[in-house]
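Visitor:
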Amino acid sequence: MGFFRNWIGYPGQRHTVLHTAKTIDPLDFDAVGEKEPNIDIEIRRQDEVGFNGCKETKMDRGLDFLVWVVGTQFTFWTMWVILIAWAVIGIVFDAPNTWQVVMQDAQSIQTYIWDTLLMRQQLMQSFEQNLIWAEFSSRVATYRRLLSSPEYVDSDKLESAEKLESGETKEQKLLSNIDYVESSTVDLPVEGWFDKMSSFFNQAIGSLPAVIIYWAGIFVWIGCGALESSTGNSPPFTGVTTGSNPERGTFTNTWQMYINTATAVVLLITSVFLQNVRERHDQYVKKTLDEVMHLDYSIEARIRTVKKDTEPNLEMALVPEKRTIAVHAIDWYADMIGTGIGVIIAIFVIVVWLLIGHPMGWNDNWWLIIGTYTGLIGFIDGFVLRNVYMRMVNQDESTYARCKEEDRVLFNEIGLVFPEEPEVPPATLSYKISVWVNDVCSTTWAVGVSLLIVLGLLICASALRWSEMGQLLCNTPTMIIEGFFLIILMQAHNWADEDVRKEVHSLFVRRKILYQYVDQL
Numbered sequence: 001m002g003f004f005r006n007w008i009g010y011p012g013q014r015h016t017v018l019h020t021a022k023t024i025d026p027l028d029f030d031a032v033g034e035k036e037p038n039i040d041i042e043i044r045r046q047d048e049v050g051f052n053g054c055k056e057t058k059m060d061r062g063l064d065f066l067v068w069v070v071g072t073q074f075t076f077w078t079m080w081v082i083l084i085a086w087a088v089i090g091i092v093f094d095a096p097n098t099w100q101v102v103m104q105d106a107q108s109i110q111t112y113i114w115d116t117l118l119m120r121q122q123l124m125q126s127f128e129q130n131l132i133w134a135e136f137s138s139r140v141a142t143y144r145r146l147l148s149s150p151e152y153v154d155s156d157k158l159e160s161a162e163k164l165e166s167g168e169t170k171e172q173k174l175l176s177n178i179d180y181v182e183s184s185t186v187d188l189p190v191e192g193w194f195d196k197m198s199s200f201f202n203q204a205i206g207s208l209p210a211v212i213i214y215w216a217g218i219f220v221w222i223g224c225g226a227l228e229s230s231t232g233n234s235p236p237f238t239g240v241t242t243g244s245n246p247e248r249g250t251f252t253n254t255w256q257m258y259i260n261t262a263t264a265v266v267l268l269i270t271s272v273f274l275q276n277v278r279e280r281h282d283q284y285v286k287k288t289l290d291e292v293m294h295l296d297y298s299i300e301a302r303i304r305t306v307k308k309d310t311e312p313n314l315e316m317a318l319v320p321e322k323r324t325i326a327v328h329a330i331d332w333y334a335d336m337i338g339t340g341i342g343v344i345i346a347i348f349v350i351v352v353w354l355l356i357g358h359p360m361g362w363n364d365n366w367w368l369i370i371g372t373y374t375g376l377i378g379f380i381d382g383f384v385l386r387n388v389y390m391r392m393v394n395q396d397e398s399t400y401a402r403c404k405e406e407d408r409v410l411f412n413e414i415g416l417v418f419p420e421e422p423e424v425p426p427a428t429l430s431y432k433i434s435v436w437v438n439d440v441c442s443t444t445w446a447v448g449v450s451l452l453i454v455l456g457l458l459i460c461a462s463a464l465r466w467s468e469m470g471q472l473l474c475n476t477p478t479m480i481i482e483g484f485f486l487i488i489l490m491q492a493h494n495w496a497d498e499d500v501r502k503e504v505h506s507l508f509v510r511r512k513i514l515y516q517y518v519d520q521l
């Protein structure tokens, strides 16, 4: 059973995770600020649990490594090399059907695997962020315990009852010496040229204009279906447009192949882009939080040195959200995708597909089978990815709000002015429309509708006896919708990344102010 669990994990389970910030022993105040090598913020290592609160397995660690690999620049540039090589081959050989099918099948398998990695990535990134913010909450509780005590001040440096010549107490003098940091003056880690370029294109792809262009292209393609085009049938023909084997026709299989190929390219680019951008943005946020964490270490070390305190920091609990039966089922499916089970199923399906190739004579139907399966599954995955991501973003936002309120209480108790954030400008019409579309597509009902659509497509394909037309019917609409979902998922990520950077920036400002305060104790 242990070996089995080591591979499949614990799908659907969500447990409370207890986490305590590492207690910083009283030590040299300046040494911590200089980032001694012994200061380490690898928080997950001490907990050894995954996003579901269960013990991490070897498969979990292997998937996390794979998520990192596919988010690297190497994978990003490899995608472009493959895409350019495929385009050149198509130009040289006049874009035959096989050329299109190869792209569709390769992309279907790639996106199927990427769905697993995207799900894993968002589950782990949210969990790790919540662990880090729990660390901050744990330390703030210690700050309040120590700084609210009237004996916290170092008598050699500050005697709060003693009056200065100016008439103010030294406690008041301490507060007056605080240089309230402006948000714009805080130095954050700088992004490189590749990060900036990739973020620019990510913003362009994940935008309302991009969504409009995407759907405009789809409707143009639908309109072109009424124009006569090659059927792709083999001679002898029964006529130009008549008979059972015409040379030309409307809304043909070839016409469907064109949009499948186009959406395959869109899916390839957006999935790789999204994986890469998420990984880079996560690394940037972690780097920024590293700066904040070292400030936190310095603050704690100084307070404990003055107070001569070694009491451990409070234990914090990451409590999972209350889930309905439907949400629990969605999480179960999400875990199936983002854990070892998803990998095992993917390998099994691909192996079976390869094994049946010879009995089927490697014909067109065989080539379409893998695209049909991955298209239908990917269609559901798109809805599940968006639903899970929305719930995680909502949970993260509540975490940020709670930590901000804890800091506000601390500042009020010790007499510091809490730095307010700049006023947010009114939302544009474009933003409101985008938010509405994202919200609608992220609901539990949307996931249920996706299942009904897949069921309907399966019935239609069965009625057509799983012919080429029947399989293309399953492929085409699902690929179109999945492409749309990856675009809006990029859009949602851009918003979430902007929010988390703003929150981390604000936290950095608050810690800078608190650092000045305790430095004078």
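Number 497 in the UniProt record's numbering belongs to position 497 of the sequence shown; there are no gaps in the numbering. Ideal Cβ placement from N, Cα and C applies to all residues, glycine included.
What does a CB cutoff of less than 6 angstroms around V518 pick up in its chain, not counting 5 residues either side in sequence?
Guide: These residues qualify, in order along the chain: I299, R302, I303.
Visitor: Measuring only the C-alpha atoms, how far is S244 from T231?
Guide: Roughly 11 angstroms between the two C-alpha positions.
Visitor: In terms of residues, what are the limits of the beta strand (DSSP E) holding S316?
Guide: A quick correction: the sequence has Met, not Ser, at residue 316. Its beta strand (DSSP E) spans residues 315 to 318.
Visitor: Rounding to the nearest angstrom, what Cα-Cα distance links I24 and W193 in this structure?
Guide: One C-alpha to the other measures close to 37 angstroms.
Visitor: In this structure, what does DSSP give as the bridge partners for T250?
Guide: Paired residue(s): none; T250 is not in a bridge.
Visitor: To the nearest angstrom, how far is it from the Cα of S148 to the Cα of G415?
Guide: Answer to the nearest angstrom: the Cα atoms are 10 angstroms apart.
Visitor: Checking the sheet assignment: what are the DSSP bridge partners for T20?
Guide: Beta-bridge pairing links T20 to E315.
Visitor: Would you check if the distance between the CB atom of C474 and the CB atom of A461 is smaller than 8 angstroms?
Guide: Yes, they are a contact pair.
Visitor: Can you find the residues in the same chain that come closer than 8 angstroms, C-beta to C-beta, to N412, ignoring five residues on each side of it along the sequence?
Guide: Closer than 8 angstroms at the Cβ level, and outside the excluded window around N412, lie F418.
Visitor: Check this for me: beta carbons of S271 and L486, under 8 angstroms apart or not?
Guide: The answer is yes: Cβ separation under 8 angstroms.
Visitor: Go through its chain and collect everything with a Cβ distance to T372's Cβ below 7 angstroms, but skip five positions before and after it.
Guide: The residues are Q471, C474, N475.
Visitor: So, helix, strand or coil for G71, using DSSP?
Guide: G71 falls in the coil class under three-state DSSP.
Visitor: Are N365 and E279 touching if we call contact CB-CB under 8 angstroms?
Guide: No.
Visitor: Considering only residues of the same chain and omitting the five flanking positions on each side of F201, which have a CB-CB separation below 8 angstroms?
Guide: Correct list, in chain order: F273.
Visitor: Measuring straight from C-alpha to C-alpha, what distance separates T101 and N233?
Guide: The sequence as given places Val at residue 101; Thr does not occur at that position. Each residue's alpha carbon lies about 16 angstroms from the other.
Visitor: Relative to the alpha-carbon of M490, which residue among H328, M257, T444, Y389 has its alpha-carbon at the smallest distance?
Guide: That would be Y389, whose Cα lies nearest to the Cα of M490.
Visitor: Per DSSP, what kind of secondary structure is S138 in: helix, strand or coil?
Guide: Reduced to three states, the DSSP call for S138 is helix.
Visitor: Out of V265, R501, L318, G382, which one is the CA nearest neighbour of M79?
Guide: Looking at the Cα atoms, V265 is the closest of the given residues.
Visitor: Between I43 and T288, what straight-line distance do the alpha-carbon atoms span, to the nearest angstrom?
Guide: Reliability of the predicted coordinates at I43 is poor, the pLDDT of 48 falling under 50, and the value obtained from them is presented with this limitation in mind. So the alpha carbons of these two residues sit roughly 15 angstroms apart.
Visitor: Can we count T75 as close to the ligand NAP, meaning its CB is less than 7 angstroms from some heavy atom?
Guide: In terms of ligand content, the structure shown is empty, and the ligand NAP therefore cannot be addressed.
Visitor: Is it true that the CB of L410 sits closer than 8 angstroms to the CB of R144?
Guide: Yes, these two residues count as a Cβ contact at 8 angstroms.
Visitor: If we ignore side chains and look at the alpha-carbon of each, how far apart do V70 and N363 end up?
Guide: Approximately 32 angstroms between the Cα atoms of the pair.
Visitor: Would you check if the segment 107 to 117 and the segment 324 to 343 touch, i.e. whether three or more CB-CB distances between them fall below 8 angstroms?
Guide: In short, these stretches touch, since the Cβ pair count reaches three.
Visitor: Under the rule that 16 or more other beta-carbon atoms within 10 Å means buried, what is G308, buried or exposed?
Guide: Contrary to the premise, residue 308 reads as Lys rather than Gly in this sequence. It is exposed - the Cβ of K308 has fewer than 16 other Cβ atoms within 10 Å.
Visitor: Comparing C-alpha positions only, which one of C441, V88, V277, N494 sits nearest to L385?
Guide: The candidate whose alpha carbon is nearest that of L385 is C441.
Visitor: How about the segment 243 to 258 and the segment 213 to 230: do they share at least three Cβ pairs that are nearer than 8 angstroms?
Guide: These segments touch.
Visitor: CA-CA distance, D28 and A106?
Guide: The predicted model places D28 with a pLDDT of 45, which falls under 50 and marks its position as unreliable; any figure quoted below should be read in that light. Between D28 and A106, the C-alpha separation is close to 57 angstroms.
Visitor: Using only CA atoms, which one of E482, Y297, A492 lies nearest to L267?
Guide: For L267, the nearest C-alpha among the options comes from E482.
Visitor: Give me the Cα-Cα distance between Y214 and N260, rounded to the nearest whole angstrom.
Guide: When rounded, the distance between both Cα atoms is 14 angstroms.
Visitor: Does the contact criterion of 3 or more C-beta pairs under 8 angstroms hold for the segment 88 to 103 versus the segment 132 to 141?
Guide: The segment 88 to 103, when compared against the segment 132 to 141, does not touch it at the 8 angstroms Cβ threshold.
Visitor: Determine the direct distance from the alpha carbon of G378 to that of L314, and round the result to whole angstroms.
Guide: Going by the C-alpha atoms only, they are around 43 angstroms apart.
Visitor: Can you tell me the Cβ-Cβ gap for Y400 and E503, rounded? I've got them flagged as a contact below 8 angstroms.
Guide: At roughly 4 angstroms, the Cβ-Cβ gap stays under 8 angstroms, so Y400 and E503 are in contact.
Visitor: Going along the chain, which residues of its own chain have a beta-carbon closer than 7 angstroms to the beta-carbon of V349, five neighbours each way excluded?
Guide: Here the set comprises Y373.
Visitor: Mapping DSSP to helix, strand and coil, what is V378?
Guide: Contrary to the premise, residue 378 reads as Gly rather than Val in this sequence. It is helical.
Visitor: Is V277 near I488, with beta carbons less than 8 angstroms apart?
Guide: For V277 and I488, no; Cβs fall outside 8 angstroms.
Visitor: Once DSSP output is grouped into helix, strand and coil, what is the label at S271?
Guide: Reduced to three states, the DSSP call for S271 is helix.
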